Amino acid sequence: MTDHGHSQQEIAERINAPPGRGILRDVVYGGIDGSVTTFAIVAGVAGAGLSPFIIVALGLANVLADGFSMAAGNYSGTKAELDNIRRIRSIEERHIRLYPEGERDEVHAILSQKGLSGRVLDEATDAITANRENWINLMIEGEYGLGSVDPNPFKAAMATFLAFLVAGMVPLLPFLLSFDRAFQLSVIMTMAVFFIIGALKSRWSLAPWWRSGLETFAIGGAAALMAYFVGSLFHP
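Residue numbering for the sequence shown follows this note's numbering, starting at 14 and increasing by one per position.
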């Protein structure tokens with residue numbers, strides 16, 4: 014957990030430029046899915062007893078095609094989220110213009126739920142509704158449960174794609190480098206990636222690094238076992 018300073022300048026910098034949700038979710042999502050899907054192909058093809066060349070060909074196709082597909086999907090989903098926020102903002106702008114008293118009552122109710130009361134509540138309501146932008150931002154957060162910092166579709170897509178690409182290449186490396194016991198090495202390296210992703214994820218949570226690592230390790234391992242089992246059903 015990282016502490017931050019509380020000088021007037023540090024507080025102003027954080028409040029005036031909030032980071033929003035960031036790209037943590039996108040990186041973890043892309044990294045885990047890249048490892049799982051690529052290793053699923055490796056395990057399934059290996060289980061079927063096919064050649065390393067086919068493993069590499071299918072694995073590379075998955076890394077590029079599925080990685081791009083995930084990035085495009087994340088871009089579209091994040092943009093839809095952004096469009097929805099803009100739609101709600103326009104609704105609130107119209108409501109404030111047409112029904113100012115009713116919208117003011119909503120601000121009053123939102124601030125009351127945050128613990129304000131009496132004269133302080135009335136003064137806070139007056140202060141918020143005196144600024145149109147602050148008024149809209151409070152309504153978006155208090156009435157719809159949405160953050161005031163807009164998501165970035167392009168940044169989300171790039172984070173997903175790069176994480177997918179990096180993590181997805183790991184299961185293929187032993188085959189690309191023509192190592193002996195390539196499949197065994199692929200298993201070890203991929204399981205290590207699952208654990209590392211989980212351990213790194215713990216930096217942004219309260220869970221111990223080893224527990225977060227084991228959780229991701231178990232999720233990825235289960236997917237790999239299923240893929241290998243299915244592939245083995247087609248072994249000649």
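Cβ coordinates follow ideal geometry from the N, Cα and C atoms, glycine included.
The model shown is predicted, which means the values in this text are computed figures rather than measured ones.
Between the C-alpha atoms of Ala172 and Tyr157 there is a straight-line separation of about 27 Å. For Leu63, the three-state secondary structure derived from DSSP is coil. Taking all protein chains in view, the Cβ of Lys127 is surrounded by fewer than 16 other Cβ atoms within 10 Å, so the residue is classified as exposed. The beta carbon of Ile149 sits closer than 8 Å to those of Arg102, Glu105, Glu106 and Ile109, all from its chain and outside the five residues before and after it, given in chain order.
The beta carbon of Ala195 is closer than 7 Å to those of Pro65, Pro187 and Phe188 in its chain, skipping five residues each way along the sequence. The beta carbon of Ser218 lies closer than 8 Å to those of Ser225 in the same chain, with the five residues before and after it left out. By the CB criterion at 9 Å, Met239 and Ala53 fall inside the cutoff. A direct Cα-to-Cα measurement between Ser82 and Asp46 gives close to 12 Å.
Under the three-state reduction of DSSP, Pro113 is assigned to helix. Taking a C-beta distance under 9 Å as the contact criterion, Phe192 and Gly233 do not qualify as a contact pair. Nearest Cα to Val49 within the set Gly62, Ala61, Arg132 and Asp79: Asp79. Val133 is classed as exposed because its beta carbon has fewer than 16 other beta carbons within 10 Å across all chains shown. Check the Cα spacing between Leu37 and each of Ala235, Asn165, Ala140 and Phe242: the tightest is with Asn165. Looking at the backbone, the Cα of Leu246 and that of Ile68 are separated by about 17 Å. Pairing Ala176 with Val40 gives a Cβ-Cβ distance under 9 Å.
Taking a C-beta distance under 9 Å as the contact criterion, Thr91 and Arg117 do not qualify as a contact pair. Exclusion of the five residues before and after Ala84 leaves Ala170, Thr173 and Phe174 as the residues of its chain whose Cβ lies within less than 6 Å of its Cβ. At least 9 Å separates the beta-carbon of Met152 from that of Glu114. At least 9 Å separates the beta-carbon of Gly57 from that of Gly181.
Per DSSP, the unbroken alpha helix (DSSP H) holding Gly234 starts and ends at Trp222 to Ser245.
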